[in-house]
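So the structure is just underneath, and the comments pick up after that.
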Amino acid sequence: MSNSELFIRVEQVSFSFKEQQIIYGMNLSLTKGTSYALIGKSGTGKSTFLNLVAGFLKPTTGRILIDGLDSRKGREQTGFLFQDLVLFPWQTVLEAVMMPLKLKKKNVTKEEYQIGMKLLTEMELANLQDKYPHELSGGQKQRVALARTLIGEPDLLLMDEPTSALDEMTKEQIQRLILHQQQKRNTTMLFVTHDIEEAVYLGEKILILKEDGKVLELENPFFAVYQPKEQLAFYRMCIDIRQLMNTESSYEHTT
Numbered sequence: 028m029s030n031s032e033l034f035i036r037v038e039q040v041s042f043s044f045k046e047q048q049i050i051y052g053m054n055l056s057l058t059k060g061t062s063y064a065l066i067g068k069s070g071t072g073k074s075t076f077l078n079l080v081a082g083f084l085k086p087t088t089g090r091i092l093i094d095g096l097d098s099r100k101g102r103e104q105t106g107f108l109f110q111d112l113v114l115f116p117w118q119t120v121l122e123a124v125m126m127p128l129k130l131k132k133k134n135v136t137k138e139e140y141q142i143g144m145k146l147l148t149e150m151e152l153a154n155l156q157d158k159y160p161h162e163l164s165g166g167q168k169q170r171v172a173l174a175r176t177l178i179g180e181p182d183l184l185l186m187d188e189p190t191s192a193l194d195e196m197t198k199e200q201i202q203r204l205i206l207h208q209q210q211k212r213n214t215t216m217l218f219v220t221h222d223i224e225e226a227v228y229l230g231e232k233i234l235i236l237k238e239d240g241k242v243l244e245l246e247n248p249f250f251a252v253y254q255p256k257e258q259l260a261f262y263r264m265c266i267d268i269r270q271l272m273n274t275e276s277s278y279e280h281t282t
């Protein structure tokens, strides 16, 4: 459940690369514990913005504050689920999940391994702990990557197209796992997707990034509805969102 506590503040952020401006003077405020879906046309800078929030890129102008601190300084409490999962072929499932903890310190405790195994159980991976990436399906690899992202107990979860490479049935399974973990942990979540249905299912609030850098923010009445696709209103909202993506900005998100 989200609250009204400000967590991320984006102040007049612009970003240019090789003299091409990608993001234009963005202003945005995100509250703690809320799930945000970021959508928009190709080329509007969605993934670039995600990398700016993560601290992988630095704004050309402006700043992004996360819990009061500049995002450029980096923070251990941010988890990032990449579109490219980057599972190393020499690591077992358990080794992959525990890797973030091992990078922070030399010795991982027995209790931390138990936490890792509990997380694997929640991801329905406990019986695969000794398997290697080439022995896993696409959905299983995605769950391993998600577990690896969550093992450090991040308070901010960033995801870039989390289910884009999956078939429809596997996609729905992963979406439910993501939603369960976000609600269980009350994690602030910001994810980029081209799938409007996914945005409506997983996003408590939907952010539409326009080509002029303005952001339209929509409240989502269908957030966390487990069988929304049986509801005509769900599809009507998806259609409305698609139309908003293709029209001129009517207002800018203000704080």
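Residues in the sequence shown are numbered from 28 upward in steps of one, following the working numbering.
Just so you know, even glycine gets a beta-carbon here, dropped at the ideal spot from N, CA and C.
Residue span of the alpha helix (DSSP H) that contains residue i, given as start and end
i    : result
D267 : 259 to 272
S159 : For the sequence presented, residue 159 should be read as Tyr rather than Ser. From DSSP, Y159 is part of no alpha helix (DSSP H); its letter is neither H nor E.
K145 : 137 to 149
L173 : 165 to 177
P127 : 120 to 131
N78  : 73 to 81
For residue i, the residue or residues it bridges with in DSSP
i    : result
K232 : Y63, E246
S41  : T88
V227 : Bridge partners of V227: none, in fact.
V219 : L65, D187
D239 : For D239, which the question treats as bridged, DSSP gives no partner whatsoever.
L33  : T58
L96  : I93
Where the beta strand (DSSP E) through residue i begins and ends
i    : result
N54  : 47 to 58
F107 : 105 to 108
Beta-carbon contacts of residue i that lie in its chain and below 6 Å, excluding the five residues immediately before and after
i    : result
R36  : S56, L92
E279 : Unreliable positioning characterises E279 in this predicted model, as indicated by a pLDDT of 45, which lies under 50. A coordinate reading is not provided.
T281 : Since pLDDT at T281 reaches only 42, below the 50 mark, its modelled position is unreliable, and no value is offered.
Residues near residue i in its chain [Cβ-Cβ closer than 8 Å; skip 5 each side]
i    : result
I178 : V124, M125, P127, L128, I142, G143, L146
D283 : Not covered by the structure: residue 283. The range shown for the chain is 28 to 282.
M264 : V227, N247, P248, F249
I66  : K73, V219, T220, H221, I223, A226, I233, L234, I235, L236, I268, M272
Contact set for residue i: own chain, Cβ-Cβ below 7 Å, skip 5 residues either direction
i    : result
K68  : E238, M272
T61  : S29, T215, E231, K232
L114 : A123, P160, K168, V171, A172
Residue i at chain C interface by Cβ criterion, 8 Å
i   : result
T61 : Reference to chain C is not applicable here, since this structure consists of a single protein chain.
Margin query: Check whether the region 190 to 209 and the region 65 to 80 touch, using three or more Cβ-Cβ pairs below 8 Å as the test.
Written below: no
Next item on the list: Kindly confirm or deny that the region 205 to 221 and the region 37 to 50 touch, where touching means at least three C-beta pairs closer than 8 Å.
Entry: no
Margin query: Closer than 8 Å is the cut-off here; do at least three beta carbon pairs connect the region 173 to 186 with the region 99 to 106?
Written below: yes
Notebook entry, point to check: Where are the alpha helix (DSSP H) runs, 4 residues long or more, that stay fully inside the region 188 to 215, in chain order?
Noted result: 195 to 212
Item checked: Validate contact between the region 159 to 171 and the region 186 to 198 using beta carbons, cut 8 Å, 3 pairs -> yes
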